[in-house]
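The structure appears right after this line, and notes come after that.
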Amino acid sequence: MYDLKEEIKSRLAVEDVVGQYVELKRAGRNLKGRSPWGPDKTPSFMVSPEKGIWHDFSAGKGGDIFTFVMEVEGISFKEALEKLAHQAGVDISKYQGGDPAVSRKKQRAKEALALTTKYYQACLIRNKSVCEYVFYKRNLNRRTVSEFKIGYAPSSGKAVTEALKKRGFKLAELETAGLLNRFKTDLFRDRMTVPFIDTNGDVIGFTARILKDGEPKYLNTPETLLFNKSRFIFGLFQARESIRRNGYVVIVEGNMDVISSHQAGVKEAVATSGTAMTEQHLKTLSKLTTDIRLAYDGDEAGIKATERAIMMAGDLGVDLKVISDYHGAKDPDELIQKDPKLWQKAVTKSIPATDWLLQKYEENLDLSSAQDKRKYSDVAIKLLSYIKDEIERASYEVKIAKKLGVDVATLREKGDRLNKKLEQSSKKYLKKPKTTIANAKLEKLTNSLLALKIYGGVTKTKIPLKIPEDDTKLAELELVFNSEHELSKTDDYEKEAAELLALYQKEDKKQQIAILKQKLSDYDEESDEYYDILREINNLQKK
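In this note's numbering, the protein residues as written are 1111 to 1653.
And the structure:
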């Protein structure tokens, strides 16, 4: 893996990789630009071509080309490695200990799907009636059709099969790509096709809509070596840049909603394809933004989907909202056909998901009835358990208690009883892994202190941080020192380090308390461990 990373690094300059996302300008031996993470009035993003590293002073992030792509794309190291290897023209299979036969199968499947996409696109242009459906009935313009690589699968059962066999593909390879049905003929027939495109820009499957009456209305590629519906997010490849730039994502229900939304100017729209939202979907999106807006229907299925999303979002630190003002339309696509500006406006008027869900239950229940009050309180208490912030939770408790005509203490008593029952039953199962509590401020202070310790020669101020051994991290810290300290007005690094250390200790204490509070939920309130953690928290707070 080390050799693979070094080979990719030798072929790709850091300024070229970063320059795809950030406009860079020369600043002496380094390059400067604006942070790709949120507003940045003055350029605080630095790149060192000599050392092959970058550092964002406003966000407290830094590293090499791999960490940059992971951060900016919201993907895993493995995905970043594959993406950059593809960009560098490096064959990963030569460096990995995996099965070369599987790698070859995947590569052939990608090649088959890429050719099929072009074939479908050509078939669309040649078919007048299908063009009328796509451009006039669906009201899609040429730019959208090109951007999403929309095409047409001919009604013949062997059109794609025969075309690809002529290009040297075997039936087994087409089956691996998910292009065949159980009769070993074309899976998609007489349908408008839209490819599934992964984060590297490769086609990994298709969704296809029937043009006339019939079922199913949409037909998707089955699970294959390339396509996993529990992980794949439709439209993310096209939406990623807008999500990163504007700081939010809109999750709609259907693939056509995504396409229409992009055409209407709301390019932050994505969808989960042919499956309910999973925790993996939410984790992937939360790497790009914590502002996630759901555009679900207000029917029972939409309510349940929102409830599931709130439960998953609780542990991810996600700010979940709901877009609901469709002006009488049943979904975003219908609203866009009515007036694209109404959809743009609706996206900006999202409301917190908890508020929306409670409102829906209020509409569907009679809160003058004792039985419906019980149902409402059960749902409300369940939702409250997923709200981590104490102030936010207390605010909702007051609202809910008022709706029920009880005091907050009564609501909390019921909540304690229900939560204890839930904890007792959940002990039969494995505990959910805790999410890492991120602290960008602490990270920035850590980098500054280490930079002063290593490159500023600070010795009198005892900085309790271990010097990293990683060469990339050391180079990044040198960049921090050169940019933040070496050229500062004062050269009194000891004084500067002492001031930063005081801030670091304060922030570190807050971090430790947050982690301990998170650990409390693992133990029963009457256990010794629970009280030991409470004592630790109290001791830290007294310092």
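Glycine included, every Cβ here is placed at the ideal spot set by N, Cα and C.
Per DSSP, R1139 lies in no beta strand (DSSP E) and is assigned neither H nor E.
Judged by DSSP in its simplified three-state form, N1648 adopts helix. When secondary structure is reduced to three states using DSSP, Y1640 falls in the helix class.
Per DSSP, the beta bridge partners of M1302 are Y1262 and R1319. V1359 sits away from R1319, with the two beta carbons spaced by 8 Å or more. As DSSP reads the structure, A1490 sits in no beta bridge. By the 16-neighbour rule on beta-carbons within 10 angstroms, R1301 is buried.
With contacts defined by Cβ atoms closer than 8 Å, A1273 and R1299 do not form a contacting pair. At the C-beta level, A1198 and I1314 stay beyond 8 Å of one another. For P1462 and L1468, the gap between their C-alpha atoms comes out near 10 Å.
Put simply, the backbone Cα of K1188 is about 11 Å away from that of T1177. With contacts defined as CB atoms closer than 8 Å, F1342 and S1383 qualify as a contacting pair. In this structure, G1424 sits near Y1496, with a CB-CB distance shorter than 8 Å. Only residues of its own chain outside the window of five on either side were considered, and among them S1203 have a CB closer than 6 Å to the CB of P1210, listed in chain order. Here the C-alpha atom of D1312 lies approximately 41 Å from the C-alpha atom of E1594.
No Cβ-Cβ contact shorter than 8 Å links E1125 with L1114. Per DSSP, reduced to three states, the secondary structure at S1203 is helical. Here the alpha carbons of K1268 and K1276 stand approximately 12 Å from one another. In the DSSP assignment, N1330 falls within the beta strand (DSSP E) that extends over Y1328 to N1330.
DSSP, read as helix, strand or coil, puts W1147 in coil. Per DSSP, F1155 is not a residue of any alpha helix (DSSP H); the beta strand (DSSP E) it occupies stretches across F1155 to S1158. If you look at H1165, you'll find it in the beta strand (DSSP E) that goes I1163 to D1166. Just so you know, the alpha carbons of Y1436 and K1193 end up roughly 38 Å apart. At a Cβ-Cβ threshold of 8 Å, F1306 and F1316 count as neighbours. For the 8 Å CB-CB criterion, T1520 and W1466 do not form a contact.
For I1573, the three-state secondary structure derived from DSSP is coil. D1580 and M1156 have their C-alpha atoms some 19 Å from each other. In the DSSP assignment, A1381 falls within the beta strand (DSSP E) that extends over A1379 to T1382. The residues G1288, in chain order, have a CB closer than 6 Å to that of P1332 in the same chain once the five nearest residues on each side in sequence are set aside.
Using a C-beta cut-off of 8 Å, the segment 1475-1492 makes no contact with the segment 1390-1405, since fewer than three inter-stretch Cβ pairs fall below that distance. Taking the C-beta atoms as reference points, T1286 is found no nearer than 8 Å to K1339. In the structure shown, the three-state DSSP call for F1347 is helix. Within the segment 1225-1261, the complete alpha helix (DSSP H) segments at least 4 residues long are 1238-1242 and 1252-1257, listed from N- to C-terminus.
In this structure, the CA atom of L1626 is about 15 Å from the CA atom of N1549. According to the DSSP secondary-structure assignment, P1462 is paired through a beta bridge with K1431.
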